[in-house]
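Residue numbers (this note's numbering), protein chains in the order written: chain W, 1 to 207; chain V, 1 to 296. Report on one structure; see the data block that follows.
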């Protein structure tokens with residue numbers, strides 16, 4: 001990365017070298033992964049202790065008869081939106097590498113990300129109406145709201161980061177084919193949030 | 001090492017300053033406040049925070065998008081006016097295609113928020129606001145001096161958007177709110193247009209004030225609209241939607257505003273035009289504030 005120092009003067013707001021910035025993001029994501037692993041592990045252990053596993057005879061999940069079921073179909077559709085947004089973000093990166101602005105792909109990504117958040121909010125509201133909340137439904141309710149809430153917060157932060165990328169690119173064109181580490185890092189974060197969601201979806205909704 | 005090939009222009013852009021220029025932050029804030037007033041007047045009972053925030057977010061996005069589209073459209077004319085030459089597009093700090101995308105995306109996003117959270121009527125009103133502002137008013141500025149009459153429509157629609165988002169229907173009260181805002185804008189814009197008449201003429205905008213160097217016609221019209229504004233602002237109280245307190249408040253504010261218009265008619269200088277302009281800026285929050293506070 002010998003050119004990094006030379007281009008530095010035209011980008012005085014980008015302090016660290018790209019390699020350092022990327023390393024920092026990866027370290028951050030590893031710690032984030034541990035956090036989610038803790039949450040999902042806790043959920044798994046508690047659920048096991050209470051109801052056993054799906055292949056065991058006494059298994060019942062959701063635990064009570066009156067407890068609301070999670071809207072699995074809607075969430076599956078929503079997952080498609082989130083996966084698509086990862087793809088569109090990748091297309092934005094490809095466009096920037098070709099020397100284009102990548103703004104339209106970023107716009108589509110922001111839209112899909114917001115759509116995901118909106119549908120998750122609707123789901124929360126729906127379940128709340130059916131009587132499920134943090135403090136009701138035992139492990140079932142509390143783990144669902146804590147884990148999806150925590151993940152949803154990550155998506156919201158991700159959308160805000162992409163909006164920030166969009167605005168910076170629209171007004172200053174700071175992402176060039178040679179240097180767009182901020183965009184790369186936000187992409188890493190966004191894909192990470194995507195992968196975490198697949199784990200959340202599998203463990204909370206499907207199993 | 002040479003400059004990156006895609007870096008557009010030499011002067012370094014300040015993101016936040018350029019952003020607030022492109023979205024016309026102060027104007028959009030005014031739009032937001034009038035929407036809030038419309039909503040508060042329209043709603044009965046305890047405030048629904050989700051609906052209110054969605055209405056404000058959607059309207060704000062639409063206002064920002066429309067402002068960007070307007071600047072994209074006028075990017076050539078804006079270079080010829082002192083007041084606007086420093087905007088990101090005419091100054092060459094931003095690519096036109098980027099501004100167009102920005103404007104379309106923000107408008108679309110705002111409409112989507114309104115559609116999902118409020119109701120189709122409010123969404124339609126927001127769409128009409130953007131369409132009239134960008135597609136009718138903006139091109140009309142170069143063609144006809146009647147553009148101010150049309151330009152005041154999108155300026156007066158936001159409180160109605162707030163009203164309809166809260167109430168679900170237009171109703172007389174909502175339309176009165178629209179009328180007050182419409183009449184208020186006329187003296188407000190006439191004062192601006194007269195102060196900057198040379199700028200507008202150089203840019204090729206056809207304004208009523210261009211031929212009127214004496215200012216007599218401008219001032220007469222401003223006074224006429226100020227009188228109409230007073231009458232319209234009294235209607236909510238006369239029709240029983242507002243309390244008598246509002247009636248007398250509106251009467252006092254309206255008469256004071258008329259006095260400023262009369263002063264402008266008698267002494268047609270830039271100073272008195274500016275005084276009329278500031279009076280209009282003071283008048284609106286006072287009247288709308290009173291309206292919300294004395295709400296029945």
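Where is the CB? At the ideal position from N, CA and C, for every residue including glycine. Please read these numbers as outputs of a predicted model, since none were measured by experiment.
DSSP on residue i, reduced to helix/strand/coil?
i	result
residue 295 of chain V	strand
residue 216 of chain V	helix
residue 120 of chain W	helix
residue 169 of chain W	helix
residue 280 of chain V	helix
residue 242 of chain V	strand
residue 139 of chain W	helix
residue 127 of chain V	helix
residue 31 of chain W	helix
residue 151 of chain W	helix
residue 99 of chain W	coil
residue 22 of chain W	helix
residue 62 of chain W	coil
residue 119 of chain V	coil
residue 67 of chain W	coil
residue 189 of chain W	helix
residue 159 of chain V	helix
residue 23 of chain V	coil
residue 83 of chain V	coil
residue 133 of chain V	helix
residue 43 of chain W	helix
residue 143 of chain V	coil
residue 266 of chain V	helix
residue 271 of chain V	helix
residue 129 of chain W	helix
Which whole-angstrom value is the C-beta distance of residue i and residue j, which I expect to be below 8 angstroms?
i	j	result
residue 138 of chain V	residue 239 of chain V	About 35 angstroms; that fails the 8 angstroms criterion.
residue 68 of chain V	residue 23 of chain V	6 angstroms
residue 41 of chain V	residue 292 of chain V	6 angstroms
residue 286 of chain V	residue 253 of chain V	5 angstroms
residue 113 of chain W	residue 76 of chain W	With 8 angstroms as the limit, residue 113 of chain W and residue 76 of chain W do not qualify as a contact, their Cβ atoms being about 17 angstroms apart.
residue 144 of chain W	residue 70 of chain W	7 angstroms
residue 294 of chain V	residue 246 of chain V	5 angstroms
Do residue j and residue i come within 9 angstroms of each other at the CB atom, strictly closer than that value?
i	j	result
residue 283 of chain V	residue 259 of chain V	no
residue 161 of chain W	residue 197 of chain W	no
residue 160 of chain V	residue 125 of chain V	yes
residue 209 of chain V	residue 268 of chain V	no
residue 181 of chain V	residue 59 of chain V	no
residue 52 of chain W	residue 58 of chain W	yes
residue 191 of chain V	residue 277 of chain V	yes
residue 132 of chain W	residue 49 of chain W	no
residue 225 of chain V	residue 183 of chain V	yes
residue 40 of chain W	residue 139 of chain W	no
residue 108 of chain W	residue 88 of chain W	yes
residue 107 of chain V	residue 62 of chain V	yes
residue 223 of chain V	residue 251 of chain V	no
residue 101 of chain W	residue 56 of chain W	no
residue 175 of chain W	residue 96 of chain W	yes
residue 261 of chain V	residue 194 of chain V	no
residue 203 of chain W	residue 73 of chain W	no
residue 183 of chain W	residue 15 of chain V	no
residue 78 of chain V	residue 87 of chain V	yes
residue 65 of chain V	residue 158 of chain V	no
**Message:** Quick check for students: name the residue ranges of the alpha helix (DSSP H) that lie wholly in the segment 172 to 221 of chain V, counting only runs of 4 or more.
**Reply:** The segment 172 to 221 of chain V contains these whole alpha helix (DSSP H) runs: 197 to 203.
**Prompt:** Quick one: any contact between the segment 128 to 148 of chain V and the segment 78 to 89 of chain V, if contact means 3 or more CB pairs under 8 angstroms?
**Reply:** no
**Item:** Whole alpha helix (DSSP H) elements within the segment 27 to 77 of chain V, 4-residue minimum
**Value:** 49 to 73
**Message:** Three Cβ pairs or more, each shorter than 8 angstroms: is that satisfied between the segment 174 to 186 of chain W and the segment 12 to 30 of chain W?
**Reply:** yes
**Request:** Count the CB pairs spanning the segment 185 to 204 of chain V and the segment 164 to 171 of chain V that are closer than 8 angstroms, and state whether there are at least three.
**Result:** Contact between the segment 185 to 204 of chain V and the segment 164 to 171 of chain V is absent: fewer than 3 CB-CB pairs across the two stretches fall below 8 angstroms.
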